[in-house]
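First the structure, in the form of structure tokens, and then the observations on it.
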Amino acid sequence: MALIAMAAGFILILIGFYGALTNRNILRMIVAFTVADTGVNIVMVTVGYLRDRTAPILDNAVPAADAAARIIDPVPQALVLTAIVIGMGVTALMLAFAYRFYEKKRTLDITKCTELKW
Amino acid sequence: MTLFLAGILTLLAAGVFQAATPRPARIACFALLAVAGLLLAGAGAMTTLMNGAESVLFAFPFPLETVTLELDALSAFFVLVISFGGIAGTIYGAGYLGGYPDRPLRGHLFAFALFILSMLLVVTAREVLPFLFAWELMSLSSLVLVFFDRRNDEVRDATVNYFVAMHVAFALILTGFLLFMTRSGSGEFSSFAAATADGPFAETALLILFAGFAIKAGFIPFHSWLPKAHPAAPSHVSGLMSGVMIKTGIYGILRFTLIVGVPTTRLALIVLALALLSAVVGVLYALAQHDLKRLLAYHSVENIGIIGIGIGLAMLGLRIGNGPLILLGMAGALLHVLNHALFKGLLFYGAGAVYRAAHTRDIEKLGGLIGKMPATAALFILGSVAISGLPPLNGFISEFVLYLAMFAGAPLAAGAFGAVVVLTAGSLALTGILALYCFTKACGIVFLGTPRSDAADRAHDPGGAMLAGMALLALAILAVGLLPAPFFAAVATVAATFPFPGDAAAQAAPIVATLGTVSRVLVLFLSLFAFLYYMRSRLLARNGGVAADATWGCGYRHATARMQYTASSYVSPLMALTGRLLGLHTHLERPQGLFPARTAFRSHPHDLVDAYLIAPGAKLIRYLFSLLRWVQSGDMAQYILYGVLFLAAALAWIMGGT
């Protein structure tokens, strides 16, 4: 199970990077980045997963005393939760840039963006 | 101290509240609060200065550590200079900014408040971190102020130059501090005295520190930013930068001389040599300039040199135990700090009024302004007399004190040092005469004769606020010039905080008496002059007045602007002598034939430091970066690849580590 998730994550990352590197359309690049983002998140959650253990929620079922032996590592989960939110912010920023770019240039072709190259 | 802190808070409030005030009242709101704050700060400093060398400590908690603000005699003196300069600058600036009704000015005024505030903090901070914080705040806020006319290419270049120069200075100061901290183990300035035991080490650290302060102060060869940034800034800012801000560099040198002392005689001689170079070469460069504000900027270099002469003499005095050199050299330097703030502010404000009226700073396009803007002309000429060191104004007083230092100190100094002091006196005299030459040029070409352009012909005096700011400085110039004794007594108190052999008060007393005599003579002279002038007008009026009529001129009615001396031709005899040394490029089309059709003479001043030090350095840096040009290909896919490669490398590094 973990192996499948890990493989899926890496495939998503590769698809994302492939899309970002080969496309000229900004919107397609943004979609590709979000795909890669999702892949990274899956990989991270998978890395933190330990076999035969339960979710890191401390209650009657999992008392705090033996929690260390029974739950999976909560740090990657918290990290991914943050990464999802940050990913949304980054996507919004990229879309805002794309919108401004389209307003200025009337095109979504990234190769038309040459102002910083002289 | 409470007054001083209240002043700082009021100044901060001025910066914040103006942003919330609607635009028509914004400048007035800012000016009122800022002037009130500066008055409070000045009053606080005055209290400290009055109560002798007593120092008040005020420590308050900061998230990381304690920040100590202290007002001792030296700090109080600089706070006074900053406050007074700031008040005049704010009043003048309120009028000057009135000419930009379509600019919101929120950011500009906020930066202006921060600028003055940070200068006040620089001279009162007593630990490394707060000092560097205030220092950087001062550089950055003045950077924002310089970058006022942002569509102008020249202004942009000057701003970048200023930015780089200030951060080179910052790096040097930081290095000096860190060197001292390796010996003292503490960020408190007072602990730096621990380095005194190791003379060569203290000398190296002080030299690095002083190089940083010298960039701020504008000593040659560290002055490159100064003649660019001062003309680029709007005039109320250039007046403050030149009159007040560069003095924080002087403050730094004085503060660390006070704490660490003068470890070697060589250090004193280096300071003195740089000061002499700045004074003489600065004024020679000023003579070659055609841009009014650039000319004034080079005079700042010259006057920093004069202040440096006083400091250098005092440092030499501290090494060889020569009382008059310490007391009078230091007092002369400090008095010149105050005087330069007064007359340079006035001159820059006058130049701003001229620029506002005629829309050019090129003195070859001005002329005849004494008739068009009489008030500005009178104030500018007053400032020129003061800066040239002529009696009865304040420039004379501080240079007089410096000469007294040298005349009293030279006989007591042994052998070679006596010769150094005499040489210094000669150079100071040379500087004085060249400054006078330069200001006859500036005043003569700008204000006398007939206008050389239509814009100069339509010029008129500025409004009340600008004139009020200038008049305030003019009054202070007259006060220091005519009543020098109390001002000298005040700076002598500050100078006496340096380790002094013998009784400082007893040594200062005869000088105070001398200055009292000088003051009576000057007042008498002025009264006599006023009386004669009055009698002349009376007598002329009795004979039916003076009628102005056209001169019988063999056919032509009056001289045209083309027949007048130009600024270049006025100084060309001297430039023929020194121009080659200064990198002056001249271009002359000689008159030819019996009826010459057209002749022309043009001169372009080039700064040698710029040409041989800054430009090659900048070129080298540009070349090194051009080696990396291929990184920026313009291909987006390649940039993304950089990111992927970086992530892969980082991952591999972490994996390899575990």
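Chains as they are written, first to last, in my numbering: chain S, 71 to 188; chain E, 6 to 663.
All C-beta atoms in this analysis are idealised placements derived from N, C-alpha and C, irrespective of residue type, glycine included.
Bounding residues of the beta strand (DSSP E) (the contiguous stretch that carries residue i)
i, result
"E:His228", "From DSSP, E:His228 is part of no beta strand (DSSP E); its letter is neither H nor E."
"E:Ala247", "Residue 247 of chain E is actually Ser in this sequence, not Ala. Note, E:Ser247: premise wrong, no beta strand (DSSP E); not H, not E."
Residue i - DSSP class collapsed to helix/strand/coil
i, result
"S:Asp179", "strand"
"E:Ala410", "helix"
"E:His241", "helix"
"S:Ile142", "coil"
"S:Asn93", "coil"
"E:His590", "strand"
"E:Asp367", "strand"
"S:Thr124", "strand"
"E:Glu193", "strand"
"E:Ala199", "helix"
"E:Ala130", "strand"
"E:Ser577", "helix"
"E:Phe9", "helix"
"E:Leu568", "Residue identity check: residue 568 of chain E is Met in the sequence provided, not Leu. E:Met568: helix per DSSP, three-state reduction."
"E:Ala346", "helix"
"E:Tyr105", "coil"
"S:Phe80", "helix"
"E:Arg155", "coil"
"S:Thr184", "coil"
"S:Asn130", "coil"
"E:Pro504", "coil"
"S:Tyr169", "helix"
"E:Tyr360", "helix"
"E:Met335", "helix"
"S:Asp155", "Sequence inspection shows Val at residue 155 of chain S; the Asp mentioned does not correspond to that position. It is helical."
"E:Pro329", "helix"
Classification of residue i by the beta-carbon crowding that lies within 10 angstroms, buried from 16 upward
i, result
"E:Ser542", "exposed"
"E:Tyr303", "buried"
"E:Tyr97", "buried"
"E:Ile316", "buried"
"E:Cys559", "exposed"
"E:Trp230", "buried"
"E:Pro504", "exposed"
"E:Thr604", "exposed"
"E:Arg31", "buried"
"E:Thr15", "buried"
"E:Trp140", "buried"
"E:Met568", "exposed"
"E:Met335", "buried"
"E:Asn308", "buried"
N-terminal and C-terminal residue of the alpha helix (DSSP H) that residue i is part of
i, result
"E:Phe493", "489-500"
"E:Glu307", "297-325"
"E:Glu141", "133-151"
"E:Met124", "111-127"
"E:Thr180", "158-189"
"E:Val286", "270-293"
"E:Phe215", "204-222"
"E:Phe261", "252-265"
"E:Phe530", "509-547"
"E:Gly643", "With the sequence shown as reference, residue 643 of chain E is identified as Gln, and Gly is not the correct amino acid for it. Element bounds for E:Gln643: 641-662."
"E:Ser389", "379-392"
Interface residues of chain C facing residue i [CB-CB closer than 7 Å]
i, result
"S:Ala90", "Considering every chain present, this structure includes no chain C. Its protein chains are S and E."
The ligand FAD heavy atom lying under 7 Å from the CB of residue i
i, result
"E:Asp296", "In the structure shown, the ligand FAD is absent, as is every other ligand, since no ligand is present at all."
(request) At 4 residues or longer, and completely inside the stretch 422-490 of chain E: list those alpha helix (DSSP H) runs for me, N to C. (result) 459-462, 469-487
(message) To be precise: take each residue of the stretch 611-645 of chain E, compare its Cβ to all Cβ atoms of chain S, and keep it if any distance is under 8 Å. Which residues remain?
(response) Residues of the stretch 611-645 of chain E with a Cβ closer than 8 Å to any Cβ of chain S, in chain order: Gln637, Ser638, Gly639, Asp640, Met641, Ala642, Ile645.
(message) In chain order, what are the residue ranges of uninterrupted beta strand (DSSP E) at least 3 long that sit wholly in the stretch 596-638 of chain E?
(response) DSSP runs (the beta strand (DSSP E)) wholly in the stretch 596-638 of chain E: 605-610.
(request) Please list the segments of the beta strand (DSSP E) lying wholly inside the stretch 20-101 of chain E, counting only runs of 3 or more residues, in order along the chain. (result) Inside the stretch 20-101 of chain E, DSSP marks whole beta strand (DSSP E) runs of 3 or more residues at positions 61-66, 71-76, from first to last along the chain.
(request) Please list the residues of the stretch 385-411 of chain E that have a C-beta atom closer than 8 Å to any C-beta atom in chain S, keeping them in chain order. (result) none
(request) Could you list the residues in the stretch 137-168 of chain S with a C-beta less than 7 Å from some C-beta on chain E, going in chain order? (result) none
(message) So if I threshold CB-CB distances at 7 Å, which residues from the stretch 158-171 of chain E count as touching chain S?
(response) none
(request) Below 7 Å between beta carbons is the criterion; list the residues of the stretch 86-113 of chain S that meet it against any residue of chain E, in chain order. (result) Phe87, Ala90, Leu91
(message) Short of 8 Å Cβ to Cβ, which residues in the stretch 332-365 of chain E face chain S?
(response) none
(request) Residues of the stretch 281-302 of chain E with a CB closer than 8 Å to any CB of chain S: list them in chain order, please. (result) Those residues of the stretch 281-302 of chain E that come within reach of chain S (Cβ to Cβ, closer than 8 Å) do not exist; the list is empty.
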